[in-house]
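The structure appears right after this line, and notes come after that.
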Amino acid sequence: MSYNINNKGYYGEFGGAFIPEMLYPNVEELRQNYLKVMAEPEFQKEFDKLLKDYVGRPSPLYFAKRLSAKYNTKIYLKREDLNHTGAHKINNTIGQILMAKRLGKQRIIAETGAGQHGVATATVCALMGLECIVYMGEIDIARQAPNVARMKMLGATVIPAVSGSKTLKDATNEAIRDWINNPVDTHYIIGSVVGPHPYPDMVARFQAVVSKEIQWQLKEQEGKTKPDYVIACVGGGSNAAGAYYHFLEDTNVKLIAAEAAGKGIQSGESAATSVLGNEGIIHGSKSLLMQTKDGQITEPYSISAGLDYPGIGPMHAHLYKTGRAEFISITDDEAMKAGLELCKLEGIIPAIESSHALAIFEQKTFKPNDVVVLSLSGRGDKDLETYINYFNL
Amino acid sequence: MNRINQKLQEDKKLLSIYFTAGYPELDNTVTIIQNLEKSGVDMIEIGLPFSDPLADGPTIQASSTQALKNGMTTDVLFKQLKDIRKSVNIPLIIMGYFNPILQYGVEAFSKKCAEIGIDGLIIPDLPIEVYNEAYKTVFEKYKLLNIFLITPQTSGERIRFIDSVSNGFIYMVSSASVTGNSSGFGEEQTQYFKRIANMKLKNPQIVGFGISDNKTFLQATQDAKGAIIGSAFIKHLSKFGTNKIPEYIKQITKL
Chain A
1 MSYNINNKGY YGEFGGAFIP EMLYPNVEEL RQNYLKVMAE PEFQKEFDKL LKDYVGRPSP
61 LYFAKRLSAK YNTKIYLKRE DLNHTGAHKI NNTIGQILMA KRLGKQRIIA ETGAGQHGVA
121 TATVCALMGL ECIVYMGEID IARQAPNVAR MKMLGATVIP AVSGSKTLKD ATNEAIRDWI
181 NNPVDTHYII GSVVGPHPYP DMVARFQAVV SKEIQWQLKE QEGKTKPDYV IACVGGGSNA
241 AGAYYHFLED TNVKLIAAEA AGKGIQSGES AATSVLGNEG IIHGSKSLLM QTKDGQITEP
301 YSISAGLDYP GIGPMHAHLY KTGRAEFISI TDDEAMKAGL ELCKLEGIIP AIESSHALAI
361 FEQKTFKPND VVVLSLSGRG DKDLETYINY FNL
Chain B
1 MNRINQKLQE DKKLLSIYFT AGYPELDNTV TIIQNLEKSG VDMIEIGLPF SDPLADGPTI
61 QASSTQALKN GMTTDVLFKQ LKDIRKSVNI PLIIMGYFNP ILQYGVEAFS KKCAEIGIDG
121 LIIPDLPIEV YNEAYKTVFE KYKLLNIFLI TPQTSGERIR FIDSVSNGFI YMVSSASVTG
181 NSSGFGEEQT QYFKRIANMK LKNPQIVGFG ISDNKTFLQA TQDAKGAIIG SAFIKHLSKF
241 GTNKIPEYIK QITKL
């Protein structure tokens with residue numbers, strides 16, 4: 001059993017490229033080139049240098065002493081929150097902007113939900129001097145004003161997605177439509193391990209730097225390259241894909257995914273795709289998604305905008321289906337409590353997405369000697385307003 | 001012989017009309033189909049609405065969203081179409097995205113289409129490779145033609161491949177575009193139409209996207225066998241409901 005992608009672009013039965021013919025040349029160009037380009041020593045060198053000097057990598061692997069004491073196990077936090085722009089998202093956008101340049105593209109488009117991926121894309125476009133257009137749901141624009149301002153300051157054009165439910169899935173549809181209308185000069189920077197092949201694999205490979213660093217950082221601190229557990233939150237699943245990547249085939253390393261249960265699995269306001277979803281096609285790939293029995297994609301809910309997506313990437317669908325990863329649903333309340341706890345115990349304000357991963361410690365007991373690495377995917381600055389409202393600060 | 005193949009043998013340029021089932025009102029489907037046939041339309045594409053129609057522009061997407069709100073589902077559509085062959089003879093094609101068909105079950109969906117008298121399917125996000133591997137035999141069993149798309153960016157080699165798998169007509173997307181986007185055809189499109197005509201494909205081509213009036217209909221069908229109107233007809237339905245369909249068709253064909 002392999003947990004990686006096969007040569008046809010599938011993880012087990014999930015993945016593929018279910019795209020209209022209008023997108024075929026764009027996606028095919030990328031498919032034929034991405035591995036070749038990524039293998040070029042010059043590309044690697046430029047990618048590594050930007051990750052080091054611009055993003056600030058390697059991100060620390062921090063032994064969280066007080067958190068570990070509280071849960072009586074050994075917890076390491078992989079500090080993606082310390083990256084430039086405040087989350088793991090930039091690892092992918094740096095990789096894809098370099099890919100776009102190698103493919104001779106002049107114009108960059110992206111979708112964004114809360115605005116984190118939009119900001120990370122606008123950032124790298126400014127860095128490279130490329131035109132940047134970000135599609136964002138009209139409703140999200142209204143509730144994420146600071147990130148809209150950031151994107152504009154960075155020179156991006158933010159276009160409201162006014163179709164459908166006016167949130168992330170519709171912003172993604174609009175970005176795909178833009179790509180259909182501009183097939184030659186444009187590269188679409190997808191923000192997660194979703195979309196048609198080769199996107200899930202390409203994004204996972206760019207994010208794989210996270211688990212690569214975990215290996216040598218753990219060796220330095222624990223004398224071994226493998227943790228017993230890796231915990232990450234999953235919306236589309238890019239930070240989890242990065243944190244799992246180099247451990248996928250090593251089943252001694254147990255993988256745990258925290259999904260957003262929203263107000264509760266049965267509340268009708270949830271984003272727990274592994275529980276509530278079933279197999280289908282979303283944004284060009286076969287995966288698990290939340291849908292009606294007629295196959296209409298439904299609107300998810302989570303207090304965390306980054307987990308508010310009706311599907312999961314095909315890699316995660318495969319990890320779930322095969323039992324390779326354990327999926328645990330975390331409610332809004334559990335996540336918020338865990339986020340505040342990290343503030344008090346470690347002096348770190350986490351993104352609410354990452355707080356879902358932190359809430360696992362209340363759900364699951366680990367042994368005192370277990371080495372548990374948790375992907376702290378982003379910082380909480382962007383969520384301050386939500387924290388303020390929730391805790392009446 | 002399949003009604004589509006029969007129709008393609010007629011010595012005329014064909015007009016095909018797309019509409020979204022369940023729009024503007026849930027129960028308009030049969031009325032619209034009957035009116036279109038009476039107006040002299042050659043073929044009809046019945047759109048099965050989807051929440052996330054990637055290849056469609058704002059007009060068709062908005063009509064899909066409304067149709068879903070009105071209560072359109074796969075089951076409802078099949079019920080509406082149950083007796084359609086008692087009153088309508090022209091070819092009927094269902095156009096829909098793959099996920100709703102997958103949830104219904106591809107075999108069950110095909111069987112139902114065959115019972116009703118549907119002649120073909122257009123599923124824009126079902127790639128030809130997946131079709132060949134997994135669904136071709138099912139479609140053939142129920143005598144459904146699967147219609148594939150080509151665009152100005154499709155390579156010659158791939159067009160040949162699509163032609164070899166097709167068994168009806170090729171849906172020729174006029175420009176790099178989602179539906180409902182362009183206004184009139186320029187030099188680029190004319191050259192593309194010529195280029196495809198010169199390939200002498202085994203399947204006739206019917207042009208879609210960007211056709212909205214008599215002028216664009218004539219341009220599109222200069223070399224191709226026919227043309228498809230979608231968004232422009234949806235706009236007409238938005239304004240007039242199911243009234244004035246014959247008048248609308250007349251100003252396209254000028255017959």
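Taken in order, these protein sequences are the chains called A and B. Each residue of the first sequence is one higher than the last, beginning at 1 in the UniProt record's numbering. Each residue of the second sequence is one higher than the last, beginning at 1 in the UniProt record's numbering. Don't be surprised by glycine CBs; every beta carbon is placed ideally from N, CA and C.
- Judged by DSSP secondary structure, B:Ile118 falls outside any beta strand (DSSP E); it is assigned neither H nor E.
- Nearest CB-CB separation between A:Met22 and chain B: below the 8 Å threshold.
- The continuous alpha helix (DSSP H) containing B:Ala67 extends over residues 58-70.
- Residue pairing from DSSP places A:Thr112 in a beta bridge opposite A:Met136.
- No Cβ of chain A is located within less than 8 Å of the beta carbon of B:Ser166.
- Beta-bridge annotation (DSSP): A:Tyr188 is paired with A:Ile109.
- A check of alpha carbon separations from A:Val158 across A:Thr121, A:Lys254, A:Pro300 identifies A:Thr121 as the nearest.
- Leaving aside the five residues that flank A:Glu353 on each side, the residues in its chain whose CB is nearer than 7 Å to its CB run, in chain order, Cys233, Gly235, Ser304, Gly306, Leu307, Ser377, Gly378.
- Close partners of A:Pro183 in chain B (Cβ separation under 9 Å): Thr151, Pro152, Gln153, Ala176.
- A:Ile256 and A:Phe327 have their C-alpha atoms roughly 6 Å apart.
- Below 8 Å, too few C-beta pairs join the segment 364-376 of chain A and the segment 105-118 of chain A to call them touching: fewer than three.
- Residue B:Ala55 holds the alpha-carbon nearest to the alpha-carbon of A:Glu21 among B:Ala55, B:Tyr18, B:Gln34, B:Gly22.
- By the C-beta density criterion, B:Asp75 is exposed, having fewer than 16 other C-beta atoms within 10 angstroms.
- DSSP places A:Ser68 inside the alpha helix (DSSP H), whose first and last residues are 65-71.
- For A:Ser211, same chain residues with a beta-carbon under 8 Å away, outside a window of 5 residues either side, are Val230, Gly242, Ala243, Tyr244, Tyr245, His246, Phe247 in chain order.
- Around the Cβ of A:Ser267, a 10 Å sphere holds fewer than 16 other Cβ atoms; the residue is exposed.
- According to the DSSP assignment, A:Gly280 belongs to the beta strand (DSSP E) that extends over 278-282.
- Chain A places no beta carbon closer than 8 Å to that of B:Phe185, leaving this residue out of the contacts.
- Of the residues B:Thr154, B:Asn167, B:Ile229, the one whose Cα lies closest to the Cα of B:Tyr192 is B:Thr154.
- One thing to note: A:Asn239 has its Cβ no nearer than 8 Å to the Cβ of A:His84.
- In the DSSP assignment, A:Glu326 is bridged to A:Ile256.
- According to the DSSP assignment, B:Phe19 belongs to no alpha helix (DSSP H) but to the beta strand (DSSP E) extending over 14-20.
- For A:Thr331, the secondary structure class from DSSP, reduced to helix, strand or coil, is strand.
- Between the alpha carbons of A:Gly277 and A:Glu13 lies a gap of roughly 16 Å.
- Residue contact check for A:Arg177 against chain B: a CB pair falls below 8 Å.
- Taking C-beta atoms under 8 Å as the contact rule, A:Glu334 and A:Ala351 fail to qualify, at a distance of about 15 Å.
- A:Thr251 carries a coil assignment under DSSP once its states are collapsed to helix, strand and coil.
- Within the same chain, Asp370, Val371 come within 6 Å of A:Asp228 by CB-CB distance, once the 5 residues on both sides are set aside.
- For the segment 200-214 of chain B, the beta-carbon criterion of a distance under 8 Å to any beta-carbon of chain A is satisfied by none of its residues.
- Within the segment 21-39 of chain B, contact with chain A at the beta-carbon level (separation under 9 Å) is assigned to no residue.
- Inside the segment 330-378 of chain A, DSSP marks whole beta strand (DSSP E) runs of 3 or more residues at positions 371-376, from first to last along the chain.
- Contact annotation: in the segment 293-324 of chain A, residues whose CB is within less than 7 Å of a CB in chain B are Lys293, Asp294, Gly295, Gln296, Ile297.
- In the DSSP assignment, B:Leu26 falls outside any beta strand (DSSP E), carrying neither H nor E.
- By the C-beta density criterion, B:Asn28 is buried, having at least 16 other C-beta atoms within 10 angstroms.
- Between the alpha carbons of B:Asn214 and B:Gln251 lies a gap of roughly 6 Å.
- Around the beta carbon of B:Arg195, fewer than 16 other beta carbons lie within 10 angstroms, which makes this residue exposed.
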